[in-house]
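Okay, so here's the structure we're looking at.
There are 2 protein chains.
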Amino acid sequence: MSEKAFLEAYNPKDHDSPLVTVDAVLFTFHEGALKVLLVERANHPDRGKWCLPGGFVDMQADENLEETVIRKVKEKTGVAPPYIDQLATMGNSKRDKRGWSVTVCYTALIGYQVCEAGISTVQDAQWFDIAGLDRISLAFDHQELIRIGVERLRQKALYSIVPAYTLPDKFTLPELQHVHEVLLGKPLQKKSFRRRIEQADLLIDTGQQRTERGRPATLYRMRKHSGDHRFVANLRE
Amino acid sequence: MSEKAFLEAYNPKDHDSPLVTVDAVLFTFHEGALKVLLVERANHPDRGKWCLPGGFVDMQADENLEETVIRKVKEKTGVAPPYIDQLATMGNSKRDKRGWSVTVCYTALIGYQVCEAGISTVQDAQWFDIAGLDRISLAFDHQELIRIGVERLRQKALYSIVPAYTLPDKFTLPELQHVHEVLLGKPLQKKSFRRRIEQADLLIDTGQQRTERGRPATLYRMRKHSGDHRFVANLRE
DNA sequence: ACATATAGTGTCTTATAGTCACTATAATGC
DNA sequence: GCATTATAGTGACTATAAGACACTATATGT
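For the record, the sequence lines run as chains L and R. What the first sequence shows, in my numbering, is residues 312 to 548, in sequence order. What the second sequence shows, in my numbering, is residues 312 to 548, in sequence order.
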C-alpha cells in the first residue's frame with residue numbers, strides 16, 4: 312500500500328488515545344511572597360477544588376501545545392506571560408478519574424500588576440501564596456506539578472535571573488534580590504548579587520529611580536534574552 | 312449531577328484527542344564518538360526512514376509514560392537504561408501526517424557493551440554517530456529531538472557527570488573525561504576534571520585497574536545518585 | 001541639622017577552575 | 001637490562017568569581 316492510500320484509510324479514532332491536557336504553573340511575586348495562580352473547577356471531576364489553569368487541546372483552534380497553554384493563561388489573566396517554559400509531562404492511568412490522561416505542564420512567570428486587571432474580572436481565578444499551599448487539596452496531581460515548578464524556579468535562581476520575570480517590567484536590584492532570597496529561603500550578599508548581574512550586562516538602566524524609604528533605587532528592565540543567561544558559578548546554597 | 316453519575320456517563324471517545332506517542336533519544340559512547348540509537352520504520356507514514364525508538368502508549372499495558380518508554384527501549388536493546396530523563400514534549404498538528412499528535416520524548420543513556428547483544432538481535436535498530444547525522448533524513452521531527460537531546464547532554468557535561476552513564480559500569484577517569492571533551496568539542500584540563508570529581512566523592516574506586524597503553528588507569532563505578540550531583544561551578548566553555 | 005533607612009561600593013577573603021611541569025607505571029624495542 | 005614511549009596521576013601556582021563586611025551615598029522624617 313502506498314503512503315497516500317494508507318493516510319486516506321487512516322482514522323485516528325480507530326486507536327484508543329489518552330486524554331491530552333495542558334496546564335500552566337503561573338508564578339508571580341507580590342507583597343514579599345511567591346504566588347501561583349489557581350482556578351476553581353466548575354465541572355466534574357474534582358468540581359469545586361482549586362487547580363492549575365489549563366485544559367484540553369483544541370485541535371481546531373491550536374496549532375501546537377504552546378498556543379494551547381498561552382490561550383489558557385490568557386483566558387484567566389488577559390495577557391500572555393513574558394516567560395514560558397516546558398516543565399514536565401505527567402501521564403498515567405490514575406491521575407484523572409476519567410481515565411488514562413497526559414498533561415503537558417508549562418511554567419510561566421508574570422508581573423503582578425500586568426495581569427491584575429485581567430484576573431479581577433475572572434471570578435474563579437486567584438493568586439495563592441506558595442507558603443501554606445500544601446494545606447489545601449488541589450485537583451489531580453497539580454500539587455505535585457506546583458512542587459516541581461517551585462523546585463525548578465529555585466534552581467534557576469541559583470544560576471540565572473529568570474525570577475526577574477515575576478516582577479513588573481521595571482524593577483530595582485534590591486527587589487530582584489529579594490525574589491531570589493525568598494526562593495532560596497536565605498539572605499544573599501548584595502555585592503555578589505549585583506556584581507554578577509553587572510558583569511554579565513543583563514539589565515538596562517532605565518535612567519529612572521524609585522524611592523520608597525531611604526536612598527532611591529535605580530529602575531532596570533530586562534535586556535532581550537537575559538533570561539537565557541547562565542552564570543558559570545552558582546550562588547551558594 | 313453527582314461526580315459518580317458524571318463519571319459513569321463519561322466516554323473519552325466523545326472528545327477528539329491527539330495521538331500520543333513516546334520516544335527515546337538513547338545515547339551511548341563508543342569508539343570515541345557519541346552515538347544515538349535509530350530504528351527503521353516498518354510502517355507508514357515515513358516507511359523506510361530512520362526514527363527514534365518509541366511508539367504509542369498502550370493504555371492496557373502501561374501504567375504511566377515512563378513504563379511506555381522503558382518498554383520501547385527494551386524492545387530494541389534488551390535492557391533498561393541506567394539513566395532516563397524527560398527531555399521535551401512536542402505537540403502540533405503538522406509533525407505527523409496522521410494528524411494532531413503529541414510525543415513525550417525522553418533522553419536515556421546506556422553503555423555500549425551492555426546492550427550490544429540485544430541490539431544485534433534486532434534487525435532494524437542501529438547506532439548512528441551524532442557527527443554527520445544531520446545529513447540523513449529522519450522521520451517526523453526526530454532530527455530536532457536529537458538536537459535538543461545533544462544540547463541537554465552537553466549542558467550537563469558542564470556541571471555534572473551524567474555523561475558517565477554512556478559508559479560501561481566500570482570506567483576510567485580518562486575515559487569519562489574523553490566523553491566530556493567530545494560533548495563539549497574541546498579539550499579539558501585533567502587536573503580540574505579529576506579534582507572536582509574527587510572532592511565531590513562521586514565515584515567508587517573498584518580497586519581494579521585497566522592497562523591499554525602506558526600506565527594503568529584506575530577503574531571506577533558511579534556511586535548511587537552521583538548523576539544528581541551539580542557542581543557549584545561549571546567547566547568553562 | 002541630625003537620625004534613620006535603604007542603595008550602592010571598596011576591598012579583602014575564600015572557593016574552585018585553569019595551567020603546566022613534574023612524577024608514576026605500564027609496554028616495547030634494542 | 002635499560003632506554004624510549006605512552007598514558008595516568010599529582011603538585012603548586014594563577015585566575016576568576018563568590019562571600020563577607022565595613023564604608024559611602026542619598027533619600028525621608030522630626
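Backbone N, C-alpha and C define an ideal beta-carbon position, used for all residues, glycine too. None of the values given here were measured: they were computed from a predicted structure.
Contact set for residue i: own chain, Cβ-Cβ below 7 Å, skip 5 residues either direction
i, result
"Asp440 (chain L)", "Ala344 and Lys346"
"Ala442 (chain R)", "Ala344"
"Ser448 (chain R)", "Lys360"
"Leu499 (chain L)", "Gln488, His491, Glu492 and Leu546"
"Glu486 (chain R)", "Leu478"
Cβ-based neighbour list, residue i, same chain, cut-off 6 Å, excluding 5 preceding and 5 following
i, result
"Glu509 (chain R)", "none"
"Ile421 (chain R)", "Thr339 and Pro392"
"Tyr423 (chain L)", "Thr339 and His341"
"Asp396 (chain L)", "Thr418"
CB of residue i within 8 Å of CB of residue j, strictly
i, j, result
"Leu464 (chain R)", "Leu494 (chain R)", "yes"
"Val368 (chain L)", "Val331 (chain R)", "no"
"Ala450 (chain L)", "Arg352 (chain L)", "yes"
"Val390 (chain R)", "Val425 (chain R)", "yes"
"Leu469 (chain L)", "Glu548 (chain L)", "yes"
"Arg406 (chain L)", "Asp452 (chain L)", "yes"
"Arg541 (chain R)", "Ile515 (chain R)", "no"
"Val350 (chain L)", "Ala428 (chain L)", "no"
Option nearest residue i by Cα separation, candidates the options
i, options, result
"Cys362 (chain L)", "L:Cys416, L:Asn322 and L:Trp411", "L:Cys416"
"Val384 (chain L)", "L:Leu398, L:Ala528 and L:Ala335", "L:Ala335"
"Leu444 (chain L)", "L:Leu348, L:Arg547 and L:Tyr394", "L:Leu348"
"Ser313 (chain R)", "L:Asp357, L:Glu427, L:Ala428 and L:Trp438", "L:Asp357"
"Leu484 (chain L)", "L:Gly496, L:Arg506 and L:Lys497", "L:Arg506"
"Tyr394 (chain R)", "R:Ile515, R:Gly538 and R:Met370", "R:Gly538"
"Trp438 (chain L)", "L:Lys497, L:Asn322 and L:Pro364", "L:Pro364"
"Ala511 (chain L)", "L:Ser471, L:Asp396 and L:Gln454", "L:Ser471"
Strand pairing of residue i, partner residues [DSSP]
i, result
"Ile515 (chain R)", "R:Arg532"
"Lys481 (chain R)", "R:Arg532"
"Asp357 (chain L)", "According to DSSP, Asp357 (chain L) bridges with nothing at all."
"Lys346 (chain L)", "L:Thr339 and L:Asp440"
"Gly402 (chain L)", "L:Val413"
"Thr332 (chain L)", "L:Phe367 and L:Thr414"
"Tyr394 (chain L)", "L:Leu420"
"Arg521 (chain R)", "R:Ala528"
"Leu449 (chain R)", "R:Trp361"
"Glu351 (chain R)", "R:Trp361"
Between the CA atoms of residue j and residue i - distance to the nearest angstrom
i, j, result
"Ser503 (chain L)", "Asn545 (chain L)", "11 Å"
"Pro329 (chain R)", "His326 (chain L)", "11 Å"
"Tyr476 (chain R)", "Ser404 (chain R)", "35 Å"
"Phe284 (chain R)", "Thr400 (chain R)", "As shown, chain R starts at 312 and ends at 548. That puts residue 284 (chain R) outside it, with no answer to give."
"Glu342 (chain R)", "Asp373 (chain L)", "45 Å"
"Pro333 (chain L)", "Leu376 (chain L)", "In the sequence as displayed, the identity of residue 333 (chain L) is Val instead of Pro. Cα to Cα, the separation comes out at about 7 Å."
"His355 (chain R)", "Lys408 (chain R)", "10 Å"
"Gly410 (chain R)", "Val433 (chain R)", "29 Å"
"Thr529 (chain L)", "Pro479 (chain L)", "14 Å"
"His536 (chain L)", "Ser412 (chain L)", "34 Å"
"Thr414 (chain L)", "Val543 (chain L)", "33 Å"
"Gly402 (chain L)", "Ile430 (chain R)", "28 Å"
"Met370 (chain R)", "Asn322 (chain L)", "18 Å"
"Glu378 (chain L)", "Gly366 (chain L)", "12 Å"
"Lys497 (chain L)", "Gln454 (chain L)", "24 Å"
"Arg446 (chain L)", "Thr517 (chain L)", "41 Å"
"Arg382 (chain R)", "Lys501 (chain L)", "50 Å"
"Thr388 (chain L)", "Thr388 (chain R)", "47 Å"
8 Å CB neighbourhood of residue i in its chain, flanking five on each side removed
i, result
"Leu398 (chain L)", "Val336, Cys416, Tyr417, Thr418, Leu456, Ile459, Gly460 and Arg463"
"Ser527 (chain R)", "Note on residue identity: the sequence assigns Pro, not Ser, to residue 527 (chain R). Hits under 8 Å: Gln520 and Arg521."
"Lys467 (chain R)", "Val473 and Pro474"
Any non-hydrogen atom of the ligand MG within 7 Å of residue i CB
i, result
"His491 (chain L)", "This structure does not include the ligand MG; it has no bound ligands of any sort."
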